[in-house]
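For the sequence shown, the numbering used here gives the first residue as 2, with consecutive numbering after it.
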Amino acid sequence: MKKRFSHAAAFISALTLAGTTAYAVSEYTADDLKELSSALLGETDFKDGQDLTGDNVIDVYDLIKMRESFIAGTGEFSEQVIGITDSNTKYIGRNIYDKDKITWLVQSGSAVEFKVNAKSAEITINGDGHTESDEKYRPRYAVIVDDEIILDELLSEKEKTVKLFEGNTARNAVVKVIHLSEANNGAVGVSSIKVNSDAPVPVAPTAKKDLSIEFIGDSITCAYGVEGASQYEGFMTSTENFMKSYAYLTAKQLDAEYSAVSYSGHGIVSGYSSTGDAVTDSLVPDYYDYVGKIGSYKTPWDFSKQDNDVIVINLGTNDNTYCSKDYEVRGEEYAEKYAEFLAHVHEMNPDAYIICTVGTMGCTEMYPYIEKAVAAFKAESGYDRIMSYKSATHTQSDGYGSDWHPSPVTQQNSAYVLADKICQALGMESSQIGLNVAADAVFSSETDDTANMSAYYSEWDNSYHITTVDGGDKIESIQAFVSGIDIKKGGKYRLSFKIETSDGAEIPFVIRSKSTGEVIFEDTFVGTGTKSPYEKEIESAVTAADAEIVFSLGGTNNLRMSIHEVKAVKFG
2 MKKRFSHAAA FISALTLAGT TAYAVSEYTA DDLKELSSAL LGETDFKDGQ
52 DLTGDNVIDV YDLIKMRESF IAGTGEFSEQ VIGITDSNTK YIGRNIYDKD
102 KITWLVQSGS AVEFKVNAKS AEITINGDGH TESDEKYRPR YAVIVDDEII
152 LDELLSEKEK TVKLFEGNTA RNAVVKVIHL SEANNGAVGV SSIKVNSDAP
202 VPVAPTAKKD LSIEFIGDSI TCAYGVEGAS QYEGFMTSTE NFMKSYAYLT
252 AKQLDAEYSA VSYSGHGIVS GYSSTGDAVT DSLVPDYYDY VGKIGSYKTP
302 WDFSKQDNDV IVINLGTNDN TYCSKDYEVR GEEYAEKYAE FLAHVHEMNP
352 DAYIICTVGT MGCTEMYPYI EKAVAAFKAE SGYDRIMSYK SATHTQSDGY
402 GSDWHPSPVT QQNSAYVLAD KICQALGMES SQIGLNVAAD AVFSSETDDT
452 ANMSAYYSEW DNSYHITTVD GGDKIESIQA FVSGIDIKKG GKYRLSFKIE
502 TSDGAEIPFV IRSKSTGEVI FEDTFVGTGT KSPYEKEIES AVTAADAEIV
552 FSLGGTNNLR MSIHEVKAVK FG
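If you want it as structure tokens, here you go:
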């Protein structure tokens, strides 16, 4: 992790002062604010003249003084047109500022974000040649003011003005313009903001977040078809929404900066192939060093612009259309090229933790080759801040987006899991929100000396099956365990499973700490003769990293019980 300023709370307060007191006209600029903020974060050195309070110490109080000096109004309102640049706005993702003084939001999720102090404000949006494309393929973007989406549309004009707000009194607002579709379908431009303000510096960048994540991927990362009506609907930019991508949702959950490099249909050794032949013009490694892939956007990316803490690589789904024809040979080719790409990503981001995954749309056959690539990279580089995990494959119950792509439910579930993986990687406390904390649970059973039974586990559907022969003397004579569940004190969980057993059979169960025996929850399941669902919301009064569910089914001979789909999803 990057060095952080210790007085973080005071720092945030300094950046969000409302400016209700009158001060003299500022001698400082937005660049001065950024420089002092960066120095306090330990990213740059302090400079002469930054001790504004005259106490011979440069600290957060100097930042407060600087911030106050230009957010406060003078009482003299005037209209100003201010160009959008990286000095007065925060650039998010890979953007380009061109000779025409337009900032182009190129990649999925690329954005500008800033604070504005004014009675009224409007922003100029610009379009490139893709505004003349078929309406299905024009860039999609959104304008957000104080977390409210005021505009979400396909860009169909070369230039247009969007009113942000207006009123009779000055207002402090946070504005964000974000590219929702992907780089393959053009960019979204922002060039200026017009304000009626009495603030000496009415537009300033929002504060930089502590954590920064880069996502490298394909259509899954782009959120291809996430708003599609069904899996039978084809691609349209109007159904591609990066704010519903697992990447955006992960960054939001962790309050992190993000950047994406993602292209639909692309891979490591081959893009999507309908014939099984390699498609070599759709390889992400070939374009990773550029802002974008098409036209003037294919300019070298300055990696110093974003100091990433984590890099997430989600590539292999499209490669599978090529590798599946001969895994033995082509899988090895994929692993070799993947390892080479890992080395390059590490070279460009030498301090970042790298996380590799695949599997959201299936294609889990590629995962062993990712593991092989990771092992090869670690052996060659000696760098061990890297991990891999297999993404949960989307299901029919979660729904599908266009062309069988992930639905909003799947994208959100993927974000929950990835956020937890990032916390594990960086040693951060995970909220576990959205996680099935029983996902890796282990099934087992035992009897006392009076009972006899048989049991087996089915890996195919993660189910456990017990048949009692002699039920023994009491209900506890035979017990089935679902162990390895991490429960947090005060956590709220949605417990669910399905059990198939005899009609009317009563199966008491408890959730308890395996080490202390302390009971967290208890209930009784009553069989119906068919596979029946059970669901309850529970809240734990204790922390039990070794929690287990214990089903008691002794005392009855020749009883059959099958346990399916055990989940304990944390929701609060």
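The beta-carbon is built from N, C-alpha and C at its ideal position, and this holds for glycine as well. A quick note: this is a predicted structure, and the numbers were derived from the prediction, not measured.
Give the secondary structure of residue i by DSSP, where H, G and I count as helix, E and B as strand, and everything else as coil.
{"i": "residue 378", "result": "helix"}
{"i": "residue 538", "result": "strand"}
{"i": "residue 576", "result": "The structure shown does not extend to residue 576, since the chain spans only 2 to 573, so no value can be given for it."}
{"i": "residue 40", "result": "helix"}
{"i": "residue 575", "result": "In this structure the chain extends from 2 to 573, so residue 575 is not present and cannot be described."}
{"i": "residue 513", "result": "strand"}
{"i": "residue 208", "result": "coil"}
{"i": "residue 265", "result": "coil"}
{"i": "residue 524", "result": "strand"}
{"i": "residue 23", "result": "With a pLDDT of 30 at residue 23, under the threshold of 50, the modelled position of this residue cannot be trusted; read the value that follows with caution. Three-state result, residue 23: coil."}
{"i": "residue 546", "result": "strand"}
{"i": "residue 260", "result": "strand"}
{"i": "residue 216", "result": "strand"}
{"i": "residue 340", "result": "helix"}
{"i": "residue 559", "result": "coil"}
{"i": "residue 59", "result": "coil"}
Whole angstroms are fine: how far does the CA of residue j sit from the CA of residue i?
{"i": "residue 568", "j": "residue 282", "result": "42 Å"}
{"i": "residue 510", "j": "residue 417", "result": "28 Å"}
{"i": "residue 273", "j": "residue 334", "result": "16 Å"}
{"i": "residue 542", "j": "residue 521", "result": "7 Å"}
{"i": "residue 138", "j": "residue 97", "result": "21 Å"}
{"i": "residue 470", "j": "residue 482", "result": "18 Å"}
{"i": "residue 351", "j": "residue 376", "result": "18 Å"}
{"i": "residue 226", "j": "residue 267", "result": "16 Å"}
{"i": "residue 348", "j": "residue 88", "result": "28 Å"}
{"i": "residue 561", "j": "residue 430", "result": "41 Å"}
{"i": "residue 290", "j": "residue 426", "result": "25 Å"}
{"i": "residue 191", "j": "residue 329", "result": "49 Å"}
{"i": "residue 206", "j": "residue 419", "result": "28 Å"}
{"i": "residue 22", "j": "residue 114", "result": "Here residue 22 scores only 30 on pLDDT, less than 50, and its place in the model should not be relied on; the value that follows carries that caveat. Between residue 22 and residue 114, the C-alpha separation is close to 25 Å."}
{"i": "residue 455", "j": "residue 548", "result": "24 Å"}
{"i": "residue 253", "j": "residue 432", "result": "13 Å"}
{"i": "residue 244", "j": "residue 187", "result": "18 Å"}
Going by DSSP, what residue range makes up the alpha helix (DSSP H) through residue i?
{"i": "residue 162", "result": "Counting along the chain, residue 162 falls outside any alpha helix (DSSP H), though it belongs to the beta strand (DSSP E) covering 160-166."}
{"i": "residue 321", "result": "321-324"}
{"i": "residue 283", "result": "Neither: residue 283 is in no alpha helix (DSSP H) and is coded neither H nor E."}
{"i": "residue 250", "result": "247-254"}
Assuming residue i is part of the beta strand (DSSP E), what are its boundary residues?
{"i": "residue 500", "result": "493-502"}
{"i": "residue 351", "result": "First-last for residue 351: undefined, no H or E at that position."}
{"i": "residue 81", "result": "79-84"}
{"i": "residue 179", "result": "172-180"}
{"i": "residue 220", "result": "Element bounds for residue 220: not the beta strand (DSSP E) but the alpha helix (DSSP H), 220-223."}
{"i": "residue 125", "result": "121-128"}
{"i": "residue 195", "result": "189-198"}
Can you say whether residue i is buried or exposed, counting buried as having 16 or more other CB atoms within 10 angstroms of its CB?
{"i": "residue 353", "result": "buried"}
{"i": "residue 369", "result": "exposed"}
{"i": "residue 118", "result": "buried"}
{"i": "residue 85", "result": "buried"}
{"i": "residue 345", "result": "exposed"}
{"i": "residue 150", "result": "exposed"}
{"i": "residue 256", "result": "exposed"}
{"i": "residue 231", "result": "exposed"}
{"i": "residue 572", "result": "exposed"}
{"i": "residue 461", "result": "exposed"}
{"i": "residue 546", "result": "exposed"}
{"i": "residue 380", "result": "exposed"}
{"i": "residue 558", "result": "exposed"}
{"i": "residue 564", "result": "buried"}
{"i": "residue 555", "result": "buried"}
Going by DSSP, name the residue or residues bridged to residue i.
{"i": "residue 358", "result": "315 and 390"}
{"i": "residue 448", "result": "479"}
{"i": "residue 465", "result": "458 and 564"}
{"i": "residue 301", "result": "291"}
{"i": "residue 453", "result": "471"}
{"i": "residue 407", "result": "401"}
{"i": "residue 141", "result": "155"}
{"i": "residue 89", "result": "DSSP lists no partner for residue 89."}
{"i": "residue 533", "result": "500"}
{"i": "residue 98", "result": "104"}
{"i": "residue 553", "result": "480"}
{"i": "residue 149", "result": "146"}
{"i": "residue 333", "result": "Answer by DSSP bridge pairing: none, since residue 333 is not bridged."}
{"i": "residue 569", "result": "496"}
{"i": "residue 443", "result": "484"}
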